[in-house]
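Student:
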Amino acid sequence: MKRLFVVGTGPGDPKFLTEEARKAIAQSEFVAGFPLYLDLIRDLLEGKETFTAPMGKELERCRAALEAAQAGKTAALVCSGDAGIYGLAGLALELAPEYGGVEVELIPGLTAALSCAALLGSPLTNDFAVVSLSDLLTPWDLIEKRLSGAAAAGFVLCLYNPGSRGRKGHLERACGIVLRHRDARSVCGVVRNAGREGQSLLVTTLGELRSITADMFTTIFIGNEATKNIGGKMVTSRGYAWAGHCTPPVNRRVKNEG
Ligand code: SAH
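Numbering (our numbering), first residue to last: 3 to 260.
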């Protein structure tokens with residue numbers, strides 16, 4: 003069987019790889035990916051043929067992996083975090099029909115929202131929305147519309163791709179939109195390089211977040227009215243602590259009678 007594994011490698015350090023991801027990479031003779039991501043798992047790549055292509059060359063990476071698979075090599079296309087979240091899983095599946103006989107197998111990974119949230123505390127305990135601020139493939143108007151809708155609906159927000167050298171000012175604009183719906187004192191979190199060298203965290207407020215410079219290794223969290231700063235941890239309350247006190251008397255009576 004001609005096989006392409008599309009593998010999410012988690013935030014960085016190979017200790018965050020799932021066992022399934024590790025096995026898929028071990029089985030592969032050919033591994034394609036963004037240079038940094040292959041570098042992060044270089045110990046697993048000994049003796050394997052590798053293909054890297056820089057940012058903007060996603061199609062090349064994907065095609066190289068599919069071609070290798072079609073040529074009969076067991077191949078892996080690796081992405082950071084989860085390959086299905088702002089990664090190449092969709093593209094691999096879209097292109098696969100051109101490479102008859104290649105079966106694509108998707109291996110999930112620990113996405114940045116989850117690895118970064120655990121470092122901050124528990125910001126995503128309740129409903130949340132994930133928005134990418136990259137307008138390379140999505141028009142900025144649409145990003146603003148989604149952000150505004152999610153902010154208005156009260157979701158905790160998790161922002162991927164908050165900035166890069168070529169995209170400055172996006173985070174500031176995003177904060178401006180959220181501030182129309184949310185208090186400037188709302189608790190926010192910033193995580194850079196989770197699970198990698200140079201990992202750093204910051205718990206701050208929405209008012210302060212506006213003036214932060216975020217790069218492409220940063221994930222941002224914007225809390226809602228249930229989010230608190232508890233001793234430096236960003237925590238969204240789900241209500242467990244007060245749930246028992248909120249039962250309407252009429253329900254309580256019915257329950258007791260039953
Ligand atoms: N497929 C990846 C996301 C790729 S988009 C995943 O599931 O995690 C790239 C964005 O992901 C970055 O701009 C940043 O917002 C976030 N990101 C990825 N790895 C990260 C890390 N180790 N630390 C903080 N943010 C990260």
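C-beta: ideal position from N, C-alpha, C; glycine also.
Which of the three DSSP states is assigned to TYR162 in this structure?
Tutor: Residue state, collapsed to three classes: strand.
Student: For my contact list, ALA228 and LEU208 are in at a C-beta cut-off of 8 Å; report their separation, rounded to the angstrom.
Tutor: That belief does not hold up - the Cβ atoms of ALA228 and LEU208 are roughly 14 Å apart, past 8 Å.
Student: In chain order, what residues of the same chain have a beta carbon less than 6 Å from the beta carbon of THR127, not counting five sequence neighbours either side?
Tutor: So the list reads THR238, ARG240, once near-sequence residues are dropped.
Student: Enumerate in chain order the residues of its own chain whose CB-to-CB distance from GLY123 is below 6 Å, with the five nearest sequence positions on each side excluded.
Tutor: For GLY123, where only same-chain residues beyond five positions count, the Cβ hits under 6 Å are LYS235, MET236, VAL237.
Student: Is any heavy atom of ligand 1 found at a distance shorter than 8 Å from the C-beta of PHE7?
Tutor: Checking every heavy atom of ligand 1 against the Cβ of PHE7, none is found closer than 8 Å.
Student: Which residues does DSSP pair with ASN231 in a beta bridge?
Tutor: Paired residues: MET236.
Student: Distance, Cα to Cα, CYS190 vs ARG5?
Tutor: The straight-line gap from Cα to Cα measures roughly 42 Å.
Student: For ASP45, count neighbouring Cβ atoms within 10 angstroms of its own Cβ and tell me buried if that reaches 16, exposed if not.
Tutor: It is exposed - the Cβ of ASP45 has fewer than 16 other Cβ atoms within 10 Å.
Student: When you compare the CB of GLU199 with every CB in chain B, is at least one pair closer than 9 Å?
Tutor: Reference to chain B is not applicable here, since this structure consists of a single protein chain.
Student: Determine the extent of the alpha helix (DSSP H) in which ARG198 is found, giving its start and end residues.
Tutor: Note, ARG198: premise wrong, no alpha helix (DSSP H); not H, not E.
Student: Can you find the residues in the same chain that come closer than 6 Å, C-beta to C-beta, to GLY92, ignoring five residues on each side of it along the sequence?
Tutor: Within the same chain, GLY92 has no close Cβ partners at all.
Student: I'd like the list of long-range same chain contacts for MET218, defined as Cβ closer than 6 Å, with 5 residues on each side in sequence excluded.
Tutor: Same-chain partners within the cutoff: SER166.
Student: Any heavy atom of ligand 1 closer than 8 Å to the CB of CYS118?
Tutor: True, at least one ligand heavy atom lies under 8 Å from that Cβ.
Student: Can you tell me the Cα-Cα spacing of GLY276 and CYS81, whole angstroms?
Tutor: This structure gives no information on residue 276, because the portion of the chain shown stretches from 3 to 260.
Student: To which residues of the same chain is VAL132 closer than 7 Å at the C-beta, ignoring the five residues directly before and after it?
Tutor: Within the same chain, VAL132 has close Cβ partners ALA115, CYS160, TYR162.
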